[in-house]
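Residue numbers (the numbering used here): 493 to 647.
Have a look at the structure below, then the notes.
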């Protein structure tokens, strides 16, 4: 999958998240590309676990990179993010989560074609469901990312 441009941390990421996703999250810092640019999780909302908030933020960053900041013909859809592994790192008095994700996605236009084909063909005798999903799988691209989160202070 082609290389995607890193998001700039010049703008307050809390404001970007609010503007792009209409979501209020208590975060600051950068977009988590490196430890120095870690996303600082200032307050975890009651109904979510730490890993759920991290996954949500990684999904938002990915959607911004692979869809919202690209020209229409270059955008990806069917974006799925799965956690592969994580490390908790204690450095001085700061605690970080370094999380590894695998992303699968498909060009948005190709995905739309597959959805239409499925809607039109499902349930019909001549629609080969297995072949349809095999072609979808072949069109799906994957990439791996690392996301750094600052999760707290140790004493």
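Note that CB positions come from ideal geometry on N, CA and C, so glycine has one too.
A quick note: this is a predicted structure, and the numbers were derived from the prediction, not measured.
query: Identified DSSP bridge partners for residue 598; result: 569
query: CB of residue 607 within 8 Å of CB of residue 573, strictly; result: no
query: Bounding residues of the alpha helix (DSSP H) (the contiguous stretch that carries residue 543); result: 542-555
query: Beta-carbon gap between residue 519 and residue 534 smaller than 8 Å; result: yes
query: Integer Cβ distance of residue 639 from residue 593, believed to fall under 8 Å; result: 7 Å
query: Given 8 Å, three or more beta-carbon pairs between the segment 620-635 and the segment 576-586; result: no
query: Where residue 499 sits in the DSSP three-state scheme; result: coil
query: C-beta contact flag for residue 591 and residue 641 at 8 Å; result: yes
query: Top-ranked residue by Cα proximity to residue 599, from 576, 509, 564, 569; result: 569
query: Residue 621 classed as buried or exposed, judged by whether at least 16 other C-beta atoms fall within 10 angstroms; result: exposed
query: Integer-rounded CB distance, given that residue 643 should sit under 8 Å from residue 576; result: In fact, because the Cβ distance is near 18 Å, the residues do not count as touching under 8 Å.
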